[in-house]
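S.K.:
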Amino acid sequence: MDTETRSEAVRALLRAHRTGKPIDPLTERFPGLDVADAYAIQAASVEQRVRDGAVIHGYKVGLTSPALRRRLDVDQPNFGQLTDTMFHPESQLIDPSAFVAPRVEPQIAFALGKPLKGPGITVPEAAAAVAWVMPALEIVDSRIRDWKVTLVDTIADNASSGGVVLGSTLVPPSGLDMRRTGGVLYHNGGIAGTGALGMVLGSPLNSLVWLANTLGAQGVALRAGQVVLPGPVTADVPVAAGDVVTATFASLGSVTARFADDTDTFG
Amino acid sequence: MTEWNVERAATVLADAEAGRTDRGPLTDEWPGLDLATGYRIQDEILRRKVEAGEHIVGVKLGLTSRAKQQRMGIDSPLTGWLTDVMVLPAGAPLVTRELIHPRVEPEIVFVLGERLSGPAVTAARAMEAVSHVYAGLEVIDSRYTDFRFSLPDVVADNASASRYVVGSVGRKPSELDLALEACLLEVDGEVVDSATGAAVQGHPAEALALAANSLARRGLALEAGWLVLTGGMTDAAFTRPGGTIAVHFTNLGSVTIGCE
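Which chain is which? The protein sequence lines are A and B, in order. Terminal number for the first sequence in the numbering used here: 267, no gaps in between. Terminal number for the second sequence in the numbering used here: 527, no gaps in between.
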């Protein structure tokens, strides 16, 4: 990938992000893009947003569920970066028009109490860096038209990140069963999905280990205070104006995202 | 051409089970077969099994997902009969050649401490009748090719019932939040799916109440001591000789089936 291609891809993604108008898959416009190119495009896009004032508050890990790995035929997860404006307080309405094609999935979130830097991180070290586990909803979104994404497209598009709502039940990681703790996703009051934390690479801690080691190989450390979304427990649901989505977890309580309808206004 | 009736359909399905041969849906040849007649065929097959020495030990519930019920146009689970010969003892292998095309589903299993008789059974009343809750794996094995059937077909075929394994950890229902009781399904050690009890009719007690009320419409009740397999929580996993299927529950322990 030459620098011109990278700049064009970054500009197209940032424009789509700003205007809410999706673009065609990057892999159609620039055939031959590989995973390394995709992460370079993601990094350049995030750097531009940081220059424009965004602050990086953590990471999401994607492609962690058996169903998604089969669909995209991948054996590795991917990651995206969470910036300050992506965090929505639980009590506030979320403007659905700020997204292109938003979908919501139930997760737990890890809040780090200590830095974590790979490579060579193992599960106990990762667990020891986690201060709190919280229930969370991730809003995933795709700047690529109709979610027509390949692995490369979604990585370039910041792993299809959109937003995060964190719940208010803070539980230390010790004593929490990271495999067999159950969660239920409610969409407008109906049960939309159920699952266990083990759907995330066998345990969400495996996801945190992968992230720390993958970032560490690039010289990047996870910092205290950062949030990591390790991956969803059920399939996602598409959301529209007026929707209410709740995730409830055993031992962790619940978290709710409310999307504004047409009668709500945003200043 | 011979006319179709309950006795003939029962013979055809019993022969398919005994001979391990699948066949096309009855409704292809008997378009008038309805749900009520499906249950009469199911009961006739049971009557013959009991006459041959088998004992009724409980029921299985099928089609307990609201989404699937809506697609099939019903508002209550199906039921099928469980007999003592269908039990697979813990640790015993599932011999796949004894069956047609077995698949395995993780389930929450109830043991009834008292008789439960509809109508007007509520989920709370149903839960009161449950003495213990167990983890289970149900082996389903449709007598129809490729599991292709309509509602009356699957009812006639005893809701695809075949074998079941019950776990070794019995919990009192009051100790558990069954809507959030999770299972993690592994095939050959790999996590393939997961769910919680909420996937079963919103709550397994809801499924039990609906089943008690449907049985009452047929003049039947759930008896004390019976097992109730409350319905598959995830999609069924395929079996293969040499394969292992395991389910791990939050509070109900694990159940494993090794296939031969």
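For glycine and all other residues, C-beta sits at the position ideal for the given N, C-alpha and C. Predicted model only: the values in this text are computed from it and were never measured.
On the premise that PRO135(A) lies in contact with SER7(A), defined as a C-beta separation below 8 Å, what is that separation, rounded to the nearest angstrom?
M.R.: SER7(A) to PRO135(A), Cβ: 39 Å. No contact.
S.K.: Report the CB separation of LEU383(B) from ALA393(B) in whole angstroms; it is logged as a contact under 8 Å.
M.R.: Correct: roughly 6 Å between the Cβ atoms.
S.K.: Sorted by chain position, which residues of the same chain lie with C-beta nearer than 6 Å to GLY231(A)'s C-beta, five sequence neighbours on each side aside?
M.R.: Taken in chain order, the residues that qualify are VAL61, THR64, VAL200, SER207.
S.K.: List the endpoints of the continuous beta strand (DSSP E) containing GLU453(B).
M.R.: Where GLU453(B) is concerned, the enclosing beta strand (DSSP E) stretches over 449-454.
S.K.: Can you tell me whether GLN107(A) is buried or exposed, with buried defined as 16 or more other CB within 10 angstroms of its CB?
M.R.: So GLN107(A) counts as buried.
S.K.: Using a Cβ-Cβ cut-off of less than 7 Å, list which residues of the segment 197-209 of chain A approach chain B; keep chain order.
M.R.: Taking 7 Å as the Cβ-Cβ cut-off against chain B, the residues of the segment 197-209 of chain A that qualify are GLY198, MET199, GLY202.
S.K.: If we ignore side chains and look at the alpha-carbon of each, how far apart do SER97(A) and ASP146(A) end up?
M.R.: Near 16 Å, if we compare the C-alpha coordinates of ASP146(A) and SER97(A).
S.K.: Take ALA224(A) as the anchor and find which of PHE259(A), GLY162(A), ALA12(A), ALA129(A) has the nearest alpha-carbon.
M.R.: Considering only alpha carbons, the answer is ALA129(A).
S.K.: For the segment 166-177 of chain A, which residues have a CB atom closer than 9 Å to at least one CB atom of chain B, in sequence order?
M.R.: Those would be ASP177, in chain order.
S.K.: Using the C-alpha atoms, what's the distance from GLY175(A) back to GLN81(A)?
M.R.: Approximately 28 Å between the Cα atoms of the pair.
S.K.: As an exercise, report each continuous beta strand (DSSP E) stretch of at least 3 residues that is fully enclosed by the segment 353-411 of chain B, in chain order.
M.R.: With a minimum length of 3 residues, the continuous beta strand (DSSP E) runs that stay inside the segment 353-411 of chain B are 370-379, 397-407.
S.K.: Using the rule of at least 16 other Cβ atoms within 10 Å of the residue's Cβ for burial, across every protein chain shown, is GLN42(A) buried or exposed?
M.R.: Result: buried.
S.K.: Going straight from the alpha carbon of GLU457(B) to that of GLY53(A), what length do you get?
M.R.: The straight-line gap from Cα to Cα measures roughly 43 Å.
S.K.: Among all the DSSP beta bridges, which residues are the ones paired with TRP348(B)?
M.R.: In DSSP, TRP348(B) forms a bridge with VAL326(B).
S.K.: Just to confirm my understanding: we take SER251(A), look at its own chain, exclude 5 residues before and 5 after, and list those with CB closer than 7 Å. What are they?
M.R.: Cβ neighbours of SER251(A) beyond the five flanking positions: VAL171, LEU176, THR181.
S.K.: Nearest chain B C-beta to GLY113(A) closer than 8 Å, yes or no?
M.R.: No - not a single Cβ of chain B is within 8 Å of the one on GLY113(A).
S.K.: From which residue to which residue does the alpha helix (DSSP H) around VAL123(A) run?
M.R.: Note, VAL123(A): alpha helix (DSSP H), 123-129.
S.K.: Looking only at C-alpha atoms, which of HIS322(B), LYS335(B), ILE367(B), ALA334(B) sits nearest to ASP289(B)?
M.R.: The shortest C-alpha separation from ASP289(B) is found at ILE367(B).
S.K.: Using Cβ-Cβ distances below 8 Å, what residues of the segment 247-265 of chain A are close to chain B?
M.R.: Within the segment 247-265 of chain A, the residues whose Cβ lies closer than 8 Å to some Cβ of chain B are THR248, PHE249, ALA250, listed in chain order.
S.K.: Quick one: is PRO66(A) near chain B, going by C-beta distance under 8 Å?
M.R.: True, the Cβ-Cβ gap to chain B drops below 8 Å.
S.K.: Can the beta-carbon of ALA276(B) be found less than 8 Å from the beta-carbon of ALA428(B)?
M.R.: Against a cut-off of 8 Å, the Cβ pair of ALA428(B) and ALA276(B) comes out as no contact.
S.K.: Could you check which residue in ALA472(B), TRP493(B), ASN480(B), VAL432(B) has the C-alpha nearest to that of GLY520(B)?
M.R.: When each option's Cα is compared against that of GLY520(B), the closest is VAL432(B).
S.K.: Quick one: does HIS515(B) have its CB under 8 Å from some CB of chain A?
M.R.: Yes, contact with chain A.
S.K.: Got a sec: is the Cβ-Cβ distance from GLY499(B) to anything in chain A below 8 Å?
M.R.: So, not an interface residue.
S.K.: Measure how close the beta-carbons of GLY567(B) and PRO344(B) come, nearest whole angstrom, since I'm counting them as under 8 Å.
M.R.: Nothing can be reported for residue 567(B): it is not among the residues displayed for chain B, which extend from 268 to 527.
S.K.: Go ahead and pull the three-state DSSP assignment for ARG258(A).
M.R.: Three-state DSSP puts ARG258(A) in a strand.
S.K.: Bridge partners of GLN309(B), per DSSP?
M.R.: Paired residue(s): none; GLN309(B) is not in a bridge.
S.K.: Should VAL371(B) be flagged as near chain A, meaning a C-beta pair shorter than 8 Å?
M.R.: Not an interface residue.
S.K.: What first and last residue would you give for the beta strand (DSSP E) that runs through GLU457(B)?
M.R.: GLU457(B) -> beta strand (DSSP E) spans 457-463.
S.K.: Taking the beta carbon of GLY193(A) as the centre, do at least 16 other beta carbons fall within 10 Å, making it buried, or is it exposed?
M.R.: By the 10 Å Cβ count, GLY193(A) comes out buried.
S.K.: Take the Cβ of THR3(A) as the centre, count every other Cβ of all protein chains shown within 10 Å, and call the residue buried at 16 or more, exposed below.
M.R.: Answer is exposed; the Cβ neighbour count stays below 16.
S.K.: Short of 6 Å in beta carbon distance, which residues of its chain neighbour TRP493(B), apart from the five on each side in sequence? Order them along the chain.
M.R.: Excluding sequence neighbours, TRP493(B) sits near GLY325, LEU379.
S.K.: So ALA289(B) contacts chain A; which residues on that side make the cut at Cβ distance below 8 Å?
M.R.: Here residue 289(B) turns out to be Asp, not Ala, going by the sequence shown. What ASP289(B) touches in chain A: nothing, since even the nearest Cβ is about 27 Å away.
S.K.: Closer than 8 Å, Cβ to any Cβ of chain A: which residues of the segment 439-463 of chain B, in chain order?
M.R.: Taking 8 Å as the Cβ-Cβ cut-off against chain A, the residues of the segment 439-463 of chain B that qualify are ASP444, ALA446, LEU447, GLU448, ALA449, CYS450, LEU451, GLU457, VAL458, VAL459, ASP460, SER461, ALA462, THR463.
S.K.: Taking only three categories from DSSP, how would you classify HIS17(A)?
M.R.: It is helical.
S.K.: Between ILE191(A) and chain B, is any beta-carbon pair separated by less than 8 Å?
M.R.: Output row for ILE191(A): interface = yes.
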